[in-house]
Amino acid sequence: MRWRLRDRATFQHKAGIVTLWVVVLGAAWSLPVLSAMQHQAEKARMESGYYYTPQRPASAYLEALAGE
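Counting in my numbering, the sequence shown runs from 108 upward without gaps.
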């Protein structure tokens with residue numbers, strides 16, 4: 108007797124496949140959402156002055172180095 112896939116497709120197998128698809132599609136959907144949330148948080152940090160901002164433009168530093 109030949110083995111057939113549909114003979115083995117029990118409820119547990121079908122539920123496992125559906126669960127796998129839900130996990131894969133859920134991850135594919137959530138990655139862009141998480142990326143957008145991270146980008147928004149980073150933008151808020153930059154606007155709040157969290158990162159160091161120099162007091163003078165870069166050209167002033169180059170002139171100071173050239174004068175040495």
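No residue lacks a Cβ here, since even glycine has one placed at the ideal position from N, Cα and C.
Computed from a predicted model, the values in this text were never measured in an experiment.
- Taking C-beta atoms under 8 Å as the contact rule, ARG152 and TYR158 qualify, at a distance of about 7 Å.
- Distance between TRP128 and LYS121, taken at the CA atoms: about 11 Å.
- Collapsing the DSSP output to three states places PRO161 in coil.
- Spanning the alpha carbons of ALA134 and SER155 requires a straight line of approximately 31 Å.
- Separation of PHE118 and VAL125 (C-alpha to C-alpha, rounded to the nearest whole angstrom) is 10 Å.
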